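Residue numbers (our numbering): 11 to 124.
All C-beta atoms, glycine included, are put in the ideal place defined by N, C-alpha and C.
Computed from a predicted structure; not experimentally measured.
Here it is as structure tokens:
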């Protein structure tokens, strides 16, 4: 999912998981994108102590996996995407927004399929 979004925003290079680095930066055609993976975070203070909270929000695009691990650091205006397993080869996507955001081309989220 993250790879599709980053590609849709015009980043041509390799897209890797930030599971161990916690954050990857991509320079996209729409501006900088900070991709976080908070799966390994046990306490939100870990992100603050590492200075990573400074890269969240602002003028950049912020993509956060496992945002529930540090919900207080999620930008006020955001789009929340929840993915649920609906079957062996099926997923349900639930989108929720609490403010204005620029929607992505939904084809990016569907792997380019109409």
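ask   = Thinking C-beta only, is residue 35 closer than 7 Å to residue 63?
value = no
key: Buried versus exposed call for residue 99 [16 or more other C-beta atoms within 10 Å across all chains shown]   = exposed
query = Taking just the CA atoms, how far does residue 103 sit from residue 97?
reply = 13 Å
message = Quick check: residue 43 and residue 80, are their CB atoms within less than 7 Å of each other?
response = no
task = Taking residue 12 as part of the beta strand (DSSP E), name the residues at either end of that continuous run.
result = Premise fails: residue 12 lies in the alpha helix (DSSP H), 12-18, not in any beta strand (DSSP E).
task = With a threshold of 16 other CB atoms inside 10 Å of the CB of residue 12, please say whether the residue is buried or exposed.
result = buried
query = Just to confirm, are residue 75 and residue 47 a CB contact at a threshold of 7 Å?
reply = yes
task = Could you check if residue 122 is buried or exposed, using at least 16 other CB atoms within 10 Å of its CB as the buried criterion?
result = Here residue 122 scores only 47 on pLDDT, less than 50, and its place in the model should not be relied on; the value that follows carries that caveat. Per the 10 Å Cβ criterion, exposed.
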